[in-house]
Amino acid sequence: MLIPFGISAQILDVDDITPTADSLSFKYSVFGALQIDRPISFVYNARLGGSVSLSAPKHFLVADFNGGVNISGSQQLLNGGTGHLRYRFLPQKRIHPELFL
(Lines of atoms letter the chains of each structure in order from A and count residues from 1; the text may use other names and numbers.)
(Lines give C-alpha, C1' and ligand atoms only; values in the text may rest on other atoms or scores of the structure.)
Protein backbone atom coordinates (compact mmCIF):
# COMPACT_ATOMS: atom_id res chain seq x y z
CA MET A 1 0.00 0.00 0.00
CA LEU A 2 1.36 3.41 -0.99
CA ILE A 3 0.48 6.37 1.22
CA PRO A 4 0.97 9.76 -0.43
CA PHE A 5 2.71 12.45 1.60
CA GLY A 6 3.43 16.04 0.69
CA ILE A 7 4.83 19.18 2.25
CA SER A 8 4.47 22.67 0.86
CA ALA A 9 5.71 26.07 1.99
CA GLN A 10 4.64 29.60 1.23
CA ILE A 11 6.22 32.98 1.91
CA LEU A 12 3.73 35.72 2.71
CA ASP A 13 4.52 39.38 3.24
CA VAL A 14 1.38 40.79 4.82
CA ASP A 15 1.07 44.02 6.80
CA ASP A 16 -0.39 43.90 10.30
CA ILE A 17 -0.53 40.10 10.51
CA THR A 18 1.17 39.77 13.92
CA PRO A 19 -0.90 40.47 17.04
CA THR A 20 0.48 43.53 18.81
CA ALA A 21 -1.62 43.44 21.97
CA ASP A 22 -1.42 41.11 24.93
CA SER A 23 -5.18 40.66 24.81
CA LEU A 24 -7.87 39.55 22.38
CA SER A 25 -8.51 41.84 19.38
CA PHE A 26 -11.11 41.75 16.60
CA LYS A 27 -10.88 43.54 13.23
CA TYR A 28 -13.17 43.49 10.22
CA SER A 29 -13.69 45.14 6.85
CA VAL A 30 -16.46 44.91 4.26
CA PHE A 31 -16.58 46.19 0.70
CA GLY A 32 -19.19 46.38 -2.00
CA ALA A 33 -19.31 47.68 -5.55
CA LEU A 34 -21.88 48.10 -8.30
CA GLN A 35 -20.89 48.80 -11.89
CA ILE A 36 -23.33 49.46 -14.73
CA ASP A 37 -22.15 49.35 -18.34
CA ARG A 38 -24.13 49.82 -21.55
CA PRO A 39 -22.23 48.80 -24.70
CA ILE A 40 -25.38 47.34 -26.30
CA SER A 41 -27.66 46.55 -23.37
CA PHE A 42 -27.30 47.21 -19.66
CA VAL A 43 -24.77 44.96 -17.92
CA TYR A 44 -24.72 45.00 -14.12
CA ASN A 45 -21.68 43.85 -12.15
CA ALA A 46 -22.18 43.60 -8.37
CA ARG A 47 -19.41 42.58 -5.94
CA LEU A 48 -19.41 42.03 -2.18
CA GLY A 49 -16.58 40.91 0.07
CA GLY A 50 -14.80 41.37 3.34
CA SER A 51 -12.34 40.17 5.91
CA VAL A 52 -12.56 39.26 9.59
CA SER A 53 -9.57 38.68 11.87
CA LEU A 54 -9.42 37.55 15.48
CA SER A 55 -6.10 37.61 17.29
CA ALA A 56 -4.89 36.57 20.71
CA PRO A 57 -1.31 36.56 22.07
CA LYS A 58 -0.51 33.09 20.63
CA HIS A 59 -3.22 32.62 17.99
CA PHE A 60 -4.42 34.38 14.83
CA LEU A 61 -7.56 33.57 12.79
CA VAL A 62 -8.39 35.25 9.46
CA ALA A 63 -11.44 34.74 7.23
CA ASP A 64 -11.63 36.42 3.80
CA PHE A 65 -14.58 36.20 1.44
CA ASN A 66 -15.80 37.76 -1.80
CA GLY A 67 -18.42 37.11 -4.40
CA GLY A 68 -19.93 38.68 -7.45
CA VAL A 69 -22.55 38.44 -10.15
CA ASN A 70 -22.77 39.81 -13.71
CA ILE A 71 -26.26 40.25 -15.15
CA SER A 72 -27.35 41.39 -18.61
CA GLY A 73 -31.08 42.09 -18.78
CA SER A 74 -32.74 39.02 -17.29
CA GLN A 75 -29.80 36.69 -18.08
CA GLN A 76 -27.14 35.87 -15.51
CA LEU A 77 -23.72 35.85 -17.20
CA LEU A 78 -21.37 35.02 -14.33
CA ASN A 79 -21.78 34.13 -10.67
CA GLY A 80 -18.81 33.25 -8.49
CA GLY A 81 -16.93 33.85 -5.29
CA THR A 82 -14.20 32.63 -2.99
CA GLY A 83 -13.61 32.09 0.70
CA HIS A 84 -10.37 31.64 2.61
CA LEU A 85 -9.86 30.67 6.27
CA ARG A 86 -6.42 30.73 7.92
CA TYR A 87 -5.35 29.80 11.44
CA ARG A 88 -1.88 30.66 12.71
CA PHE A 89 -0.52 29.65 16.07
CA LEU A 90 2.66 31.19 17.50
CA PRO A 91 2.50 34.07 14.97
CA GLN A 92 5.30 35.97 16.74
CA LYS A 93 7.87 33.43 15.55
CA ARG A 94 9.76 34.16 12.32
CA ILE A 95 8.88 30.71 10.92
CA HIS A 96 5.62 29.22 12.09
CA PRO A 97 2.94 26.75 10.97
CA GLU A 98 -0.30 27.90 9.38
CA LEU A 99 -3.45 25.93 8.62
CA PHE A 100 -5.77 27.12 5.85
CA LEU A 101 -8.94 26.05 4.11
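Residues in the sequence shown are numbered from 1 upward in steps of one, following this note's numbering. Glycine included, C-beta positions come from ideal geometry on N, C-alpha and C.
How far does the beta strand (DSSP E) with residue i in it extend, from its first residue to its last?
i          : result
residue 40 : Note, residue 40: premise wrong, no beta strand (DSSP E); not H, not E.
residue 99 : 98-100
Mapping DSSP to helix, strand and coil, what is residue i?
i          : result
residue 24 : coil
residue 73 : coil
residue 61 : strand
What do you get for residue i, buried or exposed, if any count of 16 or more other CB atoms within 10 angstroms of its CB means buried?
i           : result
residue 62  : buried
residue 38  : exposed
residue 190 : A query on residue 190 cannot be resolved here, the shown segment of the chain reaching from 1 to 101 and no further.
residue 100 : exposed
residue 26  : exposed
With a CB to CB cut of under 6 Å and the five nearest residues on each side skipped, what residues in its chain are close to residue i?
i          : result
residue 70 : 45, 77 and 78
residue 83 : 65
With residue i and residue j assumed to form a contact (beta carbons below 8 Å), what rounded beta-carbon distance in angstroms separates them?
i          : j          : result
residue 66 : residue 47 : 7 Å
residue 68 : residue 80 : 6 Å
Sorted by chain position, which residues of the same chain lie with C-beta nearer than 7 Å to residue i's C-beta, five sequence neighbours on each side aside?
i          : result
residue 74 : none
Only counting the same chain, and skipping five residues up and downstream in sequence, which positions put a Cβ closer than 8 Å to that of residue i?
i         : result
residue 3 : none
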